[in-house]
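Working notes, structure below.
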Amino acid sequence: QQQVRQSPQSLTVWEGETAILNCSYEDSTFNYFPWYQQFPGEGPALLISIRSVSDKKEDGRFTIFFNKREKKLSLHITDSQPGDSATYFCAASPNTNKVVFGTGTRLQVLP
Amino acid sequence: GPKVLQIPSHQIIDMGQMVTLNCDPVSNHLYFYWYKQILGQQMEFLVNFYNGKVMEKSKLFKDQFSVERPDGSYFTLKIQPTALEDSAVYFCASSYGLGGSSAETLYFGSGTRLTVL
Numbered sequence: 602q603q604q605v606r607q608s609p610q611s612l613t614v615w616e617g618e619t620a621i622l623n624c625s626y627e628d629s630t631f632n633y634f635p636w637y638q639q640f641p642g643e644g645p646a647l648l649i650s651i652r653s654v655s656d657k658k659e660d661g662r663f664t665i666f667f668n669k670r671e672k673k674l675s676l677h678i679t680d681s682q683p684g685d686s687a688t689y690f691c692a693a694s695p696n697t698n699k700v701v702f703g704t705g706t707r708l709q710v711l712p
Numbered sequence: 618g619p620k621v622l623q624i625p626s627h628q629i630i631d632m633g634q635m636v637t638l639n640c641d642p643v644s645n646h647l648y649f650y651w652y653k654q655i656l657g658q659q660m661e662f663l664v665n666f667y668n669g670k671v672m673e674k675s676k677l678f679k680d681q682f683s684v685e686r687p688d689g690s691y692f693t694l695k696i697q698p699t700a701l702e703d704s705a706v707y708f709c710a711s712s713y714g715l716g717g718s719s720a721e722t723l724y725f726g727s728g729t730r731l732t733v734l
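Heads up: the sequence lines are chains A and B, in that order. Under this note's numbering, the letters of the first sequence match residues 602 to 712, in that order. Under this note's numbering, the letters of the second sequence match residues 618 to 734, in that order.
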């Protein structure tokens, strides 16, 4: 059973555009949602995170929008840069040590 | 930033052999994790470890798998015997506190690519 789903599986945008990555979950006990960025040959690194008490979290060009009722969230990357090309994982946790990762979205930003 | 080191970066072994993957976590971290990734896709949780004990494990953490961190040295994942489906990239991570809380970040190593022939 897939607890955290992401769409699209892959996404291509032009430099300067806004990339929107979607995530949904099933477990209502999840209350912490980190997004991880992974470049080829490297491990994932925390990009930005949000707790379920908030509906929006912004950090520079990266913004998370969270809808608790619908169990959905999205990551918006504004003014996308070629250096943003990576795989992005939405993750979720019920505030325990088990962090569940989504299926990932591979983003390509074309110059 | 904090670094998690994984040794080796690549490992090729024959099916049925034993393999040990080594992880040198961030020095003051207390919680340790192993994840499995196939073909650059989903990161699958295997196990977490604290104070010398497994705290939680997934269905992917088969009986052939074991973890330990003897005397504060490497945090290891041992697979004995290996199977073809164990081929994947294994990522180690560590955190100071509860990795699922907004106060604590999981720091990942660069992974060990395991190929079972």
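All residues carry an ideal CB built from backbone N, CA and C; glycine is no exception.
Out of the options, which has the shortest C-alpha to C-alpha gap to residue i?
{"i": "Thr732 of chain B", "options": "B:Ile629, B:Val664, B:Val621", "result": "B:Ile629"}
{"i": "Tyr633 of chain A", "options": "A:Leu708, A:Phe702, A:Pro712", "result": "A:Phe702"}
{"i": "Leu677 of chain B", "options": "B:Glu702, B:Phe692, B:Lys670, B:Tyr691", "result": "B:Glu702"}
{"i": "Trp636 of chain A", "options": "A:Leu676, A:Thr619, A:Asn668", "result": "A:Leu676"}
{"i": "Gly726 of chain B", "options": "B:Gly669, B:Trp651, B:Tyr667, B:Asn668", "result": "B:Trp651"}
{"i": "Leu708 of chain A", "options": "A:Phe666, A:Ile651, A:Pro683, A:Phe667", "result": "A:Pro683"}
{"i": "Phe662 of chain B", "options": "B:Leu734, B:Asn668, B:Lys670, B:Lys679", "result": "B:Lys679"}
{"i": "Lys699 of chain A", "options": "B:Val706, B:Val671, B:Ala700", "result": "B:Val671"}
{"i": "Leu656 of chain B", "options": "B:Leu734, B:Val706, B:Thr729, B:Tyr713", "result": "B:Val706"}
{"i": "Ser653 of chain A", "options": "A:Phe667, A:Glu643, A:Ser608, A:Asp660", "result": "A:Phe667"}
{"i": "Ser629 of chain A", "options": "A:Asn696, A:Ala687, A:Lys672", "result": "A:Lys672"}
{"i": "Thr697 of chain A", "options": "B:Lys674, B:Pro687, B:Glu685", "result": "B:Lys674"}
{"i": "Tyr713 of chain B", "options": "B:Gly689, B:Asn645, B:Arg686", "result": "B:Asn645"}
{"i": "Glu721 of chain B", "options": "B:Leu647, B:Gly633, B:Asp631", "result": "B:Leu647"}
{"i": "Gly728 of chain B", "options": "A:Gln607, A:Asn623, A:Gly642, A:Pro609", "result": "A:Gly642"}
So, for residue i: in the same chain, excluding its five sequence neighbours on each side, which residues have a beta-carbon less than 7 Å away from its beta-carbon?
{"i": "Gly617 of chain A", "result": "Asp680, Ser681"}
{"i": "Gln619 of chain B", "result": "According to the sequence displayed, residue 619 of chain B carries Pro and not Gln. For Pro619 of chain B, where only same-chain residues beyond five positions count, the Cβ hits under 7 Å are Val643, Tyr724."}
{"i": "Gln681 of chain B", "result": "Ile696, Gln697, Pro698"}
{"i": "Arg662 of chain A", "result": "Ile678, Thr679, Asp680"}
{"i": "Lys669 of chain A", "result": "Ser653"}
Per DSSP, residue i forms a beta bridge with which residues?
{"i": "Asn698 of chain A", "result": "In DSSP, Asn698 of chain A forms no bridge with anything."}
{"i": "Asp641 of chain B", "result": "B:Leu622"}
{"i": "Gln628 of chain B", "result": "B:Leu731"}
{"i": "Met635 of chain B", "result": "Paired residues: none, contrary to the question."}
{"i": "Ile678 of chain A", "result": "A:Ala620, A:Phe663"}
{"i": "Leu711 of chain A", "result": "A:Trp615"}
{"i": "Leu694 of chain B", "result": "B:Leu638, B:Val684"}
Does residue i come out as helix, strand or coil in the three-state DSSP assignment?
{"i": "Glu548 of chain A", "result": "A query on residue 548 of chain A cannot be resolved here, the shown segment of chain A reaching from 602 to 712 and no further."}
{"i": "Asp688 of chain B", "result": "helix"}
{"i": "Asp628 of chain A", "result": "coil"}
{"i": "Asp703 of chain B", "result": "helix"}
{"i": "Pro635 of chain A", "result": "strand"}
{"i": "Asp685 of chain A", "result": "helix"}
{"i": "Arg662 of chain A", "result": "coil"}
{"i": "Val654 of chain A", "result": "coil"}
{"i": "Ser675 of chain B", "result": "coil"}
{"i": "Tyr713 of chain B", "result": "coil"}
{"i": "Glu721 of chain B", "result": "coil"}
{"i": "Phe690 of chain A", "result": "strand"}
{"i": "Gln654 of chain B", "result": "strand"}
{"i": "Glu643 of chain A", "result": "coil"}
{"i": "Thr704 of chain A", "result": "coil"}
{"i": "Asn668 of chain B", "result": "coil"}
{"i": "Leu647 of chain B", "result": "coil"}
{"i": "Thr610 of chain A", "result": "It should be noted that the sequence gives Gln, not Thr, for residue 610 of chain A. Three-state DSSP puts Gln610 of chain A in coil, outside helix and strand."}
Below 6 Å CB to CB, which residues in the same chain sit around residue i once its five sequence neighbours on both sides are set aside?
{"i": "Thr637 of chain B", "result": "Thr693, Lys695"}
{"i": "Lys693 of chain A", "result": "In the sequence under discussion, the amino acid at residue 693 of chain A is Ala, which differs from the Lys named in the question. Closer than 6 Å at the Cβ level, and outside the excluded window around Ala693 of chain A, lie Val605, Tyr626, Phe631, Phe634, Val701."}
{"i": "Asn639 of chain B", "result": "Ile624, Tyr691, Thr693"}
{"i": "Phe649 of chain B", "result": "Pro642, Phe666, Phe692, Ser711"}
{"i": "Val614 of chain A", "result": "Ala620, Ser681, Val710"}
{"i": "Ser714 of chain A", "result": "This structure does not reach residue 714 of chain A, given that chain A is present from 602 up to 712, and the question cannot be answered."}
Quick one: does residue i have its CB under 9 Å from some CB of chain D?
{"i": "Thr613 of chain A", "result": "No chain D appears in the structure shown, which is made up of the protein chains A and B."}
CB-CB under 8 Å to residue i, same chain, minus the five flanking residues each way: which ones, in chain order?
{"i": "Ser650 of chain A", "result": "Tyr633, Phe634, Pro635, Trp636, Lys658, Ile665"}
{"i": "Met660 of chain B", "result": "Tyr652, Lys653, Gln654, Phe708"}
{"i": "Met635 of chain B", "result": "Lys695, Ile696, Gln697, Pro698, Thr699"}
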